[in-house]
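Q: Under my numbering, read the sequence shown as residues -11 to 122, first letter to last. For glycine and all other residues, C-beta sits at the position ideal for the given N, C-alpha and C. Here the structure is a predicted model, which is why all the values come from computation and not from measurement. Structure in structure tokens, see below.
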Amino acid sequence: MDLTRTNYSSGAPLEEKTGYSRMVKVGPFVYIGGTTSVQPDGTVYGEGSAYEQTKYILEKLVKLLEKSGSKKEEVIRIKGYTTDMKYGAEIARAYSEIFHDIKPLFTMVGTTMLNRPSQLIEIEMDAVIITNEQ
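In structure tokens, the structure reads:
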């Protein structure tokens, strides 16, 4: 098995400044770090709505995942961190719209705060690229 490592950047200025990657692929394993609904212009998408933020983040993560050669059907684990567990139903609704039939592992953790007060959820994602070679 080839375990070559590839780092992927989202272009966020802090990635280079602090030395982290948005996504790392090692062989068939793909790991995406904590991602919020911050848009390229620096504003928070879906401010005040955990549903809108969750949907935006998951769609952003699926697009990033595709850059590694993976796809949403290969996601095996999703971890969410929310500033208030009262958002659980909104988060679950957005999650279900994208991953209901795929059924990856899902963990939701409550936390006191994220980077910005308007951020209600942050999400991590792991996938394994599955090839159907015979």
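Within its chain, find whatever has a CB closer than 8 Å to the CB of E121; leave out the 5 residues flanking it on each side and keep chain order.
A: Residue placement at E121 is flagged as unreliable, the pLDDT there being 49, under the threshold of 50; a coordinate-derived value is accordingly withheld.
Q: Determine the DSSP secondary structure at E4, reduced to helix, strand or coil.
A: Reduced to three states, the DSSP call for E4 is helix.
Q: Whose C-alpha, out of V14, R104, K67 and S56, is nearest the C-alpha of S25?
A: Checked all of V14, R104, K67 and S56; the closest Cα to S25 is R104.
Q: By the three-class DSSP mapping on this structure, what secondary structure does T95 have?
A: Strand.
Q: Do T95 and I66 come within 9 Å of each other at the CB atom, strictly closer than that value?
A: Yes, they are a contact pair.
Q: Cβ of M11 within 8 Å of any heavy atom in the ligand PLP?
A: Among the components of this structure there are no ligands whatsoever, and the ligand PLP is therefore not found.
Q: Mind checking whether E123 and I45 have CB atoms under 9 Å apart?
A: Nothing about residue 123 can be reported from this structure: the residues present for the chain run from -11 to 122 only.
Q: Below 7 Å CB to CB, which residues in the same chain sit around I117 once its five sequence neighbours on both sides are set aside?
A: Closer than 7 Å at Cβ, skipping near neighbours: P16, V18, G57, S58 and E62.
Q: Just list the residues that DSSP pairs V123 with in beta bridges.
A: In this structure the chain extends from -11 to 122, so residue 123 is not present and cannot be described.
Q: Relative to the alpha-carbon of V97, which residue among L52, E4, M73 and M11 has its alpha-carbon at the smallest distance?
A: The shortest Cα separation from V97 among L52, E4, M73 and M11 belongs to M73.
Q: In terms of DSSP beta bridges, what is G68 paired with?
A: G68 is bridged to M96 and I111.
Q: Would you be able to state if there are at least three C-beta pairs under 8 Å between the region 76 to 83 and the region 39 to 53?
A: As far as the Cβ criterion goes, the region 39 to 53 touches the region 76 to 83, which means the pair count is three or higher.
Q: With distances taken from CA atoms, which of R(-7), S37 and I90 is nearest A77?
A: If we check each option's Cα against that of A77, S37 comes out closest.
Q: Quick one: what's got a C-beta closer than 7 Å to E35's C-beta in the same chain, skipping five residues either side?
A: Only S106 meet the Cβ criterion.
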